[in-house]
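Undergrad: Got a structure for you, written out below as structure tokens; questions coming shortly.
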Amino acid sequence: MHYIEPHAHMVSRTTDDYERLHLAGCRVVCEPAFWAGFDRSSADGFHDYFEQITRFEPKRASTYGIAHYAWICLNPKEAEDLSLAREVLSMIPAFLERPTVLGIGEIGLNKNSNNELAVFHEHLTLATRHQQLVLVHTPHLEDKRKGTQLILDAIREHPDLAPERVLIDHVEEHTVRLALDRGHWAGITLYPTSKCSVARAIDLLDVYGHERLWLNSACDWGVSDPLAVPQAMREMRRRGRTEKDISTITWHNPARFLSQSPRFHLPE
Amino acid sequence: MNKQQVTELYFMDARSKLIELAATLDRLDRADGEADFRWRCLMDCLPILQDHAPEKTARILERMSDPTPSPIAAAGEKGACGVWPGYRGKTS
């Protein structure tokens, strides 16, 4: 069965991972802009990174039979320096014109600070002005519940942004309902320790159904597994879920959300 | 799934995780020094496992979370440690 990996930081992964993803049935990966594990020293660092995820990675992925799309933003971990953040934001509109860019993301909050929130608002304004989809990162661990609420309240201050064009990512048991109740999509991230296990992710599907939900691995340079989505597909089979259910969550749902961007096309 | 199916699929995994937790607490007992606030919060979560109310997972996650409503002045660090550093007990 083919599936879409809607959140993967492939710049951190090897070509072996592309090959394994393809063998496991992955036909599309979407790469949000994120933190490199260290703070970039200038806006030029972001420019080069945006070039990488909009030019080099699509080419590398296509070698392995996978379509690659990107999201562009300044991630919240680098939002404390407002002057640098605004310099980076000024570069974003040009990258939104690239043929494989789906929207603004992954924006959001990390430690729930005033500057992170200010930069989040500026990204939302940019998304509204350029009619872009939005992919939102919610904070880690003890900061997630508060950050999710701050994020949802901030989005509400941008009434021209349609809720169904915003995906709130990394939801867990204590935040999924908040996102869905506001009309947004929600992403469940499969991490070995710090987010949802495969079993918990399927529990969330048991409780909340399939509407406006997707699964992703968010594989990056940290503890993560690029094959987490196919592992979740196997777990669904172990629980007796139908192939149609599995396809809804791992192919049709991400395709529905992403197809709101005119740039997204399912592979033949 | 019925309860027997859940048991067949998940009991051994749950048993293993419970024993790992017990071993970690034994290790902590044997170690020198003071345990930090995260262990207090973790221990305060354990009764949730035994009550009869639903949504145990969400309630544990809530207990470990920052309960304050406003943004902080500045992000001094980037990481999270697993429990809100202001945690002082069940009522906080």
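As they're listed, the protein sequences go chains P and W.
Read left to right, the first sequence gives residues 204 to 471 (this note's numbering).
Read left to right, the second sequence gives residues 2 to 93 (this note's numbering).
Note that the Cβ used here is the ideal one computed from N, Cα and C, for glycine as well.
Quick caveat: nothing in here was measured; it's all calculated off a predicted structure.
1. Of all the beta strand (DSSP E) runs that stay within the bounds of the segment 225-260 of chain P, which reach a length of 3 or more residues?
2. Show which residues of chain W have a CB atom less than 9 Å away from the CB atom of Ala-402 of chain P.
3. Give the straight-line distance between the Cα atoms of Thr-159 of chain P and Arg-466 of chain P, rounded to the nearest whole angstrom.
4. At a Cβ cut of 8 Å, what residues of the segment 313-326 of chain P count as close to chain W, listed as they run along the chain?
5. May I ask you to verify whether the segment 19-27 of chain W touches the segment 304-314 of chain P, counting CB pairs closer than 8 Å and requiring at least 3?
6. Could you list the residues in the segment 34-57 of chain W with a C-beta less than 8 Å from some C-beta on chain C, going in chain order?
7. Taking Asp-346 of chain P as the query, report the chain W residues whose CB atoms sit under 7 Å from its CB, ordered along the chain.
8. Gln-335 of chain P: buried (16+ other C-beta within 10 angstroms of its C-beta) or exposed?
9. In three-state terms, what does DSSP make of His-324 of chain P?
10. Looking at Thr-392 of chain P: is its Cβ nearer than 8 Å to the Cβ of His-373 of chain P?
11. Quick one: is Ala-75 of chain W near chain P, going by C-beta distance under 8 Å?
12. I'd like to know whether the C-beta atoms of Glu-208 of chain P and Ser-420 of chain P end up nearer to each other than 8 Å.
13. Would you say Asp-363 of chain P and Thr-331 of chain P are within 8 Å of each other, going by their C-beta atoms?
14. Residues in its own chain within less than 7 Å of Cys-229 of chain P by CB, not counting five upstream and five downstream?
15. Determine the chain W residues that contact His-343 of chain P at a beta-carbon separation under 7 Å, and present them in chain order.
16. Taking the straight line between their C-alpha atoms, what separation do you get for Glu-290 of chain P and Ala-246 of chain P?
17. Cutting at 7 Å between CB atoms, please list the residues of its own chain near Ser-243 of chain P, excluding the five before and the five after it.
18. Closer than 8 Å by C-beta to Met-49 of chain W: which residues in its own chain qualify, once you throw out the five before and the five after it? Chain order, please.
19. Output the boundary residues of the alpha helix (DSSP H) element that contains Ile-449 of chain P.
20. By alpha-carbon positions, which one of W:Arg-89, W:Pro-70 and W:Lys-91 ends up nearest to Ser-316 of chain P?
21. Who pairs with Gly-87 of chain W in a beta bridge, going by DSSP?
22. Taking the C-alpha atoms as reference points, what is the distance between Asp-471 of chain P and Phe-253 of chain P?
23. The beta strand (DSSP E) with Ala-162 of chain P in it runs from where to where?
TA: Working from what's here:
1. 229-235
2. Leu-10, Tyr-11 and Asp-14
3. Look at the range of chain P in this structure, 204 to 471, and you will see that residue 159 of chain P is not part of it.
4. Asn-313, Lys-314, Asn-315, Ser-316, Asn-317, Asn-318, Glu-319 and Leu-320
5. no
6. Chain labels in this structure do not include chain C; the protein chains are P and W.
7. Asp-67 and Ala-81
8. buried
9. helix
10. yes
11. yes
12. yes
13. yes
14. Tyr-206, Glu-208 and Ile-269
15. Ala-81
16. 6 Å
17. The sequence given here places Arg at residue 243 of chain P; Ser does not occur at that position. So the qualifying residues of the chain are Phe-249 and Glu-281.
18. Looking at the sequence provided, one finds Ile at residue 49 of chain W rather than Met. Excluding sequence neighbours, Ile-49 of chain W sits near Lys-57, Arg-60, Ile-61 and Arg-64.
19. 446-450
20. W:Pro-70
21. In the DSSP output, where bridge partners are listed per residue, Gly-87 of chain W has none listed.
22. In the sequence as displayed, the identity of residue 471 of chain P is Glu instead of Asp. Taking the straight line joining both Cα atoms gives about 27 Å.
23. Summary: the structure shown does not reach residue 162 of chain P, with chain P confined to residues 204 through 471, and so no result is reported for it.
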